[in-house]
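J.:
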Amino acid sequence: MMSGAISSSACPEHTATMPPRTNIQPLLERLRQAHPDARYELNWSSPYELLVATILAAQCTDERVNRVTATLFQKYRGPQAFAEANTTELEEDLRPTGFYKQKAKSVQAMSRELLAKFGGEVPHTIEQLITLPGVARKTANVVLNTAFNIPSGVIVDTHVLRVSQRLGLTKHEKPEEIERDLMKLVPQDQWTFFGPAVVLHGRYTCTARKPRCEECPLNDLCPKIGV
DNA sequence: CTCCCGATAT
DNA sequence: ATATCAGGAG
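With the first letter of the first sequence counted as 1, position 132 gets the number 402 in our numbering; the numbers rise by one all the way through.
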């Protein structure tokens with residue numbers, strides 16, 4: 271809520287104590303052209319299901335998560351069912367997503383905490399969400415941005431991290447520091463678009479190992495740091 | 001920093 | 001063969 275704190279400095283020289291890069295608008299326009307309806311590709315039918323799916327999405331493609339949750343959400347309906355599930359059986363259900371023991375543990379612990387502290391309802395603030403086991407800022411921002419349309423912050427996953435550094439939007443390396451830079455740089459009403467759009471850009475164009483700079487719509491805006 | 005973990009692109 | 005992939009906890 272304090273993120274919009276603008277220093278209305280009387281000094282005409284520095285009207286804003288603002289970030290490294292000058293104008294974000296051209297970048298936002300290009301991104302919008304390339305990914306007009308950028309959104310997360312996880313399948314869900316409730317905020318709770320999106321929360322579970324996002325936990326499962328760690329180090330795993332959306333496609334594989336969707337393949338698993340298609341049957342998973344038929345078998346377990348709501349936090350009570352996950353909390354009471356047999357752990358070994360749940361681990362097997364989650365196996366194709368990788369890190370399956372850790373994820374089973376996180377999903378069950380998260381579900382129990384959700385029931386105990388929030389009556390089974392997914393909270394609407396990032397401060398409350400990140401108290402849940404297995405939930406940090408990235409997961410919390412995905413849920414708040416996507417399920418509730420709340421611009422709680424900017425999603426910083428491995429794609430946003432890499433692309434932001436290459437574009438020179440940040441000099442930092444830790445996700446939290448990068449998110450802080452992006453929140454200053456990008457207007458708040460663009461946050462829920464910016465995250466998913468940059469994720470798609472990183473997934474399909476500005477790839478980790480062999481970026482496709484020749485066909486990149488942001489090519490002329492990019493200093494190509496670390497490529 | 002390491003560990004959790006399997007599938008896929010290179 | 002191995003780096004990487006919609007991360008987070010200890």
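No residue lacks a Cβ here, since even glycine has one placed at the ideal position from N, Cα and C. None of the values given here were measured: they were computed from a predicted structure.
1. Rounding to the nearest angstrom, what Cα-Cα distance links Lys-375 and Thr-428 in this structure?
2. DSSP three-state label for Ile-425, please.
3. Extract the residue ranges of the alpha helix (DSSP H) inside the segment 359 to 408, only unbroken runs of 4 or more that lie entirely within it.
4. Between the segment 329 to 340 and the segment 379 to 398, do three or more beta carbon pairs fall short of 8 Å?
5. In or out: Tyr-318 buried (at least 16 other Cβ within 10 Å) or exposed?
6. By Cβ distance, which residues of its chain are closer than 8 Å to Pro-393, with the 5 residues on each side in sequence left out?
7. Whose C-alpha, out of Arg-365, Ala-351, Pro-481 and Asp-363, is nearest the C-alpha of Met-380?
8. Go ahead and label Gly-496 buried or exposed: buried means 16 or more other beta carbons lie within 10 angstroms of its beta carbon, across all protein chains shown.
9. Excluding sequence positions up to five away, which residues of its chain have a Cβ less than 8 Å from the Cβ of Arg-407?
10. Can you list, in chain order, the residues of its chain with a C-beta nearer than 7 Å to that of Gly-368? Leave out the 5 residues immediately preceding and following it.
11. Could you give the first and the last residue of the continuous alpha helix (DSSP H) run that contains Asp-459?
12. Would you identify the three-state DSSP class for Asp-451, choosing helix, strand or coil?
13. Classify Pro-349 as buried or exposed, calling it buried when 16 or more other Cβ atoms lie within 10 Å of its own Cβ.
14. Which runs of the alpha helix (DSSP H) at least 4 residues long sit entirely within the segment 296 to 347? Give them in chain order.
15. Can you grab the Cα-Cα spacing for the pair Glu-311 / Glu-333, in whole Å?
16. Under the rule that 16 or more other beta-carbon atoms within 10 Å means buried, what is Gln-378, buried or exposed?
17. Judging by CA-CA distance, which residue of Pro-296, Asn-293 and Arg-302 is the nearest neighbour of Val-468?
18. For the candidate residues Leu-488, Cys-483, Leu-491 and Val-412, whose alpha-carbon lies nearest to that of Trp-461?
19. Of the choices Val-322, Leu-439, Lys-494 and Leu-360, whose alpha-carbon is the least far from that of Asn-293?
20. Decide if Pro-421 is buried, meaning its Cβ has at least 16 other Cβ atoms within 10 Å, or exposed.
21. For Cys-486 and Leu-437, which I take to be in contact (beta-carbon distance under 8 Å), what is that distance rounded to the nearest angstrom?
22. Are the beta-carbon atoms belonging to Arg-382 and Ala-410 less than 7 Å from one another?
23. Taking its Cβ as the centre, do 16 or more other Cβ atoms sit within 10 Å of Tyr-474, making it buried, or is it exposed?
T.: On the basis of the data shown:
1. Against the first sequence, residue 375 aligns to sequence position 105. Against the first sequence, residue 428 aligns to sequence position 158. Straight-line Cα distance between these residues: approximately 23 Å.
2. Position 155 of the first sequence holds residue 425. Looking at Ile-425 - three-state DSSP - the assignment turns out to be coil, as it is neither helix nor strand.
3. With a minimum length of 4 residues, the unbroken runs of alpha helix (DSSP H) contained wholly in the segment 359 to 408 fall at 370 to 388 and 396 to 399.
4. They do not touch, by the three-pair rule.
5. Your numbering for residue 318 matches position 48 in the first sequence. Buried, since its Cβ has 16 or more Cβ neighbours within 10 Å.
6. Here residue 393 corresponds to residue number 123 of the first sequence, with the count starting at 1. Within the same chain, Pro-393 has close Cβ partners Leu-399.
7. Here residue 380 refers to the residue found at position 110 when the first sequence is read from its first residue. When each option's Cα is compared against that of Met-380, the closest is Ala-351.
8. As a first step, residue 496 must be located in the first sequence, where it is residue number 226. Gly-496 is exposed by the Cβ-count criterion.
9. Residue numbering aside, residue 407 sits at position 137 when the first sequence is read from its first letter. Spatial neighbours of Arg-407 in its own chain (CB-CB distance under 8 Å, excluding positions within 5 residues in sequence) are listed in chain order as Ile-396, Ile-400, Gly-423, Val-426, Pro-445, Glu-446 and Glu-449.
10. Counted from its first residue, the first sequence places residue 368 at position 98. Taken in chain order, the residues that qualify are Gln-329 and Cys-330.
11. Position 189 of the first sequence, counted from the first residue, corresponds to residue 459. For Asp-459, there is no enclosing alpha helix (DSSP H), since its DSSP letter is neither H nor E.
12. Within the first sequence, residue 451 is the residue found at index 181, counting from 1. In the three-state DSSP reduction, Asp-451 falls in the helix class (H, G or I).
13. Here the question's residue 349 lines up with position 79 in the first sequence. Buried is the call here.
14. Within the segment 296 to 347, the runs of alpha helix (DSSP H) that reach at least 4 residues and sit entirely inside it are, in chain order, 317 to 326 and 332 to 345.
15. Indexing the first sequence from 1 puts residue 311 at position 41. Indexing the first sequence from 1 puts residue 333 at position 63. Distance from the CA of Glu-311 to the CA of Glu-333, rounded to the nearest whole angstrom, comes to 8 Å.
16. Translated into the one-based positions of the first sequence, residue 378 becomes position 108. With 16 or more other Cβ atoms within 10 Å, it is buried.
17. For the purposes of this step, residue 468 is taken as residue 198 along the first sequence, with counting starting at 1. The shortest C-alpha separation from Val-468 is found at Arg-302.
18. Locating residue 461 in the first sequence gives position 191, where the first residue counts as 1. Per the Cα distances, Val-412.
19. Here the question's residue 293 lines up with position 23 in the first sequence. The shortest C-alpha separation from Asn-293 is found at Leu-439.
20. As a position in the first sequence, residue 421 is number 151, starting the count at 1. Looking at its Cβ environment, which holds 16 or more other Cβ atoms inside 10 Å, Pro-421 is buried.
21. Along the first sequence, one-based indexing puts residue 486 at 216. Along the first sequence, one-based indexing puts residue 437 at 167. That belief does not hold up - the Cβ atoms of Cys-486 and Leu-437 are roughly 10 Å apart, past 8 Å.
22. By one-based count along the first sequence, residue 382 stands at place 112. By one-based count along the first sequence, residue 410 stands at place 140. Their beta carbons are not under 7 Å apart, which means Arg-382 does not touch Ala-410 by this criterion.
23. In the first sequence, the residue the question calls residue 474 occupies position 204. Flag for Tyr-474 reads exposed.
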